[in-house]
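Only one structure is covered here, and it is reproduced in the block below.
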Amino acid sequence: MWKHLFEPLQIGPVTVTNRLGFAPNCPVTDGDLTTGVFGDDSVAYYAERAKGGQGLVIIGNSRVSDRTPYFPCVDPNMFDDRNIPWLQKIGDEVRDNGAKLFIQLFYTSWGRTTAPQQSSMYESEVPLTIPAPSSITNATQGVHLAEMTTADIHQVSEDFSNAAVRAVKGGVDGVEISLHHLMLHAQFFSKIYNRRTDEYGGSMENRVRFAIETLRRVRRAVGNSIAIGYRVNARYENPADNSLEDMKEIIQHINANVEIDYVSVSAGGGESPSMSAPMGYMAPGYQMPDTAEIKAITNVPVFGIGSITSPYQAEDALEKNQCDLVLMVRQLFADPEFANKAREGRPDDIRPCVRYNYCTTRFPFRVGCFQNVAHGREKKWGIGTIEKAETPKGVMVIGGGVAGLEAAVVAAKRGHYVALFEGEERIGGRLRLQAKLPLQYEWGNLIAWYEHTLRQPNVIVHTGERVTSQNIQEIIEEQQPDAVILASGTSSAPDGFVDGTNGSIPGWESEMVLRYEDVLDQKVEVGQHVTIFDNVSNELAIGLGTLLAKMGRSVSIVTPYKALGTDRHTSGNFRDVLLVELLDQPNVTVHAETYVQRIEEGKVFLANHITHGEAVEPAEEKTDSLILINHFESDKKLLDALTKSELELHVVGDALGYGPIHDAILAGHRVGRSV
Ligand SMILES: Cc1cc2nc3c(=O)[nH]c(=O)nc-3n(C[C@H](O)[C@H](O)[C@H](O)COP(=O)(O)O)c2cc1C
Ligand code: SF4
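Position one of the sequence shown corresponds to residue 2 (the numbering used here), numbered consecutively onward.
So, in structure tokens, the structure goes:
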């Protein structure tokens, strides 16, 4: 089935068994999360990706010096000897499962955004400046950049070689030096951020000198027993900075001057985070064409990456000779068994990353995938921990949103007989609707995965069969379940409860008031002038506004929040891209810190949310349709009817009240394991 994916690859002295790897990502530390010391959770975290069949695992950004600011919960300290035995444990587990372990070494710089503010919360001695080639104003991140002296530069190279020696004592198979994502060395490469006039600034050779010195010191310190590589951006996103051609020249210059075993190619980071781990706005494999150009001028293995979510995409990149090994991060958060499932000819079983970046919104705290709730919890819920139930039960799941679907999948794996009821013709709940919005279509991949996964002999999915308080008894008599999981979700309330009015919006009974669900399901007509009242500030209103504007409507969005998309589960990158798309449309207006006070004869009256009622400009707006995304209700009658029955009952997800998608999946997963 695969010509290339499972071919071995030689990387310096190291042989990896296949062409798939877990790219560097902020690692999981343990216990006291602020110490930067690995623990049992870290061992389980990396071992999981090796158990899942990937040939290479790379630990992410590991600090080489305590003189740098840092992200306390995610950066391991490679200046700390306490990490040596932990690295040995991680490496042993990774190798026992057939993979090799590399570690990425880095020096914090403003490629890591607001690092000083983060770490000074925990440690009083932390430096409050960030070392940089030149002390220029960095208005975007609000940090102080301090120009490094020549002695500082030499010290940093020394820090890298000391950390590499420590990594070798920890038994790693390779070290990777960060020359990417506008980390420190990458700023030296820059034509914009490096304004030095000494031997580290000016010509290409001068700007690259620091990287070469660092790599040489590392090679001298660790010899040829392990692989040494570096990660680099194929181009800088700022068109005035290094182009692809410039980077090719830089890479050739480095490789001509130091013995290197591999080059890993990346994109974005620093000033352009939306390019390093993008969402639906970039195609899968979008970095591969640039990577191919670098491969063409490089005579060591080249690693490629970028939104790969299927083994077909990875195979295609190898077939086209764009790279020698395909790395993934988010896809292996979502499903660490990617390689095994591909090798066993089960690619459809791979749970797809939908690239919505909940995992990055959790940054800089402990990362977590919204759909694979075992991510970061591998010790407890990792591969092989779902055990068969001693006595299979009949489990009835009411609701085919993500909470019910996850509960059904896990309960079915445990051997229970599952009957799932969904009122709509297709499962997916809220996500089914969201998948209709611009740039959010990948939610649909997750729904398709649930559909595929539930096609099993012990599962029956009844779509188009809504369970209500009227028919519940009849269905229970027919099904005779041992347990019921109520996952019936919420729907937006037609009266649009608002705290400003202390209740329903006066005038809500008007025909012009629509629920967003009915709009997306095309059950109602939407007028020419539309007002959307967004009281959740996530990606819904932005997406719906864009969709309607693209359909030629004039759209006004009213939100009590400071801005659209401020909900903490909405990824910042995604929000920015969606907002640009929205505001690019003609006839779109946004009223922030505002709410709809009342509705009267084709008009909505707006008021200031901060002052609770003061008029805003304009105080009223003529509109044909007011679409509500502002207050959600669960079906309490169904809950009452079930509570009265003597059945084992579990209530999960939005059936308890509107909440984040991650929480719904987590609740479904937990109940699937316990039922
Ligand atoms: C949560 C998270 C943490 C990351 N941490 C690192 C890191 O420590 N070092 C690094 O070089 N890249 C890091 N990255 C970038 C990834 O290595 C990778 O380039 C990016 O996610 C694109 O790959 P993907 O589409 O397979 O996720 C991180 C990405 C994510 C999502
Ligand atoms: S949180 Fe979203 S983007 Fe991140 S790994 Fe999971 S599915 Fe992918």
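Don't be surprised by glycine CBs; every beta carbon is placed ideally from N, CA and C.
Because the structure is a prediction, the values reported are computed rather than measured.
Any heavy atom of ligand 2 closer than 8 Å to the beta-carbon of residue i?
i: Q332; result: yes
i: R356; result: yes
i: N373; result: yes
i: T560; result: no
i: H186; result: no
i: T35; result: no
i: Y359; result: yes
i: A449; result: no
i: H376; result: yes
i: A408; result: no
i: A494; result: no
Indicate the three-state DSSP secondary structure (helix, strand or coil) for residue i in the structure shown.
i: G175; result: strand
i: Q529; result: coil
i: V403; result: helix
i: Q11; result: strand
i: D325; result: coil
i: A335; result: helix
i: Y418; result: strand
i: H670; result: helix
i: T464; result: strand
i: H376; result: coil
i: V537; result: coil
i: R236; result: coil
i: L245; result: helix
i: A408; result: helix
i: L6; result: coil
i: E662; result: Correcting the residue identity first, residue 662 is Ile in this sequence and not Glu. DSSP places I662 in helix when its eight states are reduced to three.
i: V34; result: Contrary to the premise, residue 34 reads as Leu rather than Val in this sequence. Of the three classes helix, strand and coil, the one that applies to L34 here is coil, per DSSP.
i: Y231; result: strand
i: I428; result: coil
i: V169; result: helix
Measure the C-alpha to C-alpha separation of residue i and residue j and round it to an integer number of angstroms.
i: S489; j: G669; result: 12 Å
i: I600; j: D42; result: 54 Å
i: D664; j: N243; result: 42 Å
i: V676; j: V396; result: 8 Å
i: A293; j: L406; result: 40 Å
i: A420; j: R671; result: 18 Å
i: I662; j: G430; result: 11 Å
i: I306; j: V266; result: 7 Å
i: Y442; j: D577; result: 17 Å
i: G402; j: L432; result: 7 Å
i: V301; j: N322; result: 13 Å
i: E615; j: V597; result: 12 Å
i: E49; j: P70; result: 30 Å
i: S226; j: S179; result: 20 Å
i: L326; j: I60; result: 16 Å
i: V581; j: M552; result: 17 Å
i: F161; j: F334; result: 28 Å
i: P77; j: A297; result: 34 Å
i: T18; j: P337; result: 17 Å
i: K101; j: R64; result: 21 Å
i: E177; j: P25; result: 9 Å
i: I630; j: A241; result: 42 Å
Would you say the beta carbon of residue i is closer than 8 Å to some non-hydrogen atom of ligand 1?
i: I688; result: Nothing about residue 688 can be reported from this structure: the residues present for the chain run from 2 to 676 only.
i: V368; result: yes
i: I543; result: no
i: I306; result: yes
i: R20; result: no
i: P86; result: no
Please list, in chain order, all residues of the same chain as residue i whose beta carbon is under 7 Å from its beta carbon, the five residues on each side excluded.
i: L548; result: L438, P439
i: A268; result: N234, A235, M276, S277, Q288, G307
i: H610; result: G501, P561, E594, T595, Y596
i: L245; result: A235, R236, D291, E294
Apart from the five residues on each side of it in sequence, which residues of its chain come closer than 6 Å, Cβ to Cβ, to residue i?
i: R196; result: S135
i: H145; result: T130
i: V223; result: A165, V169
i: F366; result: C74
Note down, in chain order, each residue of its chain lying with its Cβ closer than 8 Å to the Cβ of residue i, except the 5 sequence neighbours on either side.
i: M280; result: R356, Y357, N358, L440, E443, S572, N574, F575, V578
i: S120; result: P70, Y71, F72, P73, V127
Could I get the ranges of all uninterrupted alpha helix (DSSP H) runs contained in the stretch 252 to 307, with 4 residues as the minimum, in chain order? 289 to 297
My parser needs the beta strand (DSSP E) runs of 3 or more residues fully inside the stretch 568 to 650; what are they? 589 to 592, 595 to 601, 604 to 609, 616 to 623, 626 to 630, 633 to 635
Could I get the ranges of all uninterrupted beta strand (DSSP E) runs contained in the stretch 43 to 117, with 3 residues as the minimum, in chain order? 57 to 64, 101 to 107
Report the residue ranges of all alpha helix (DSSP H) runs contained in full by the stretch 470 to 495; include only those spanning at least 4 residues, in chain order. 473 to 480
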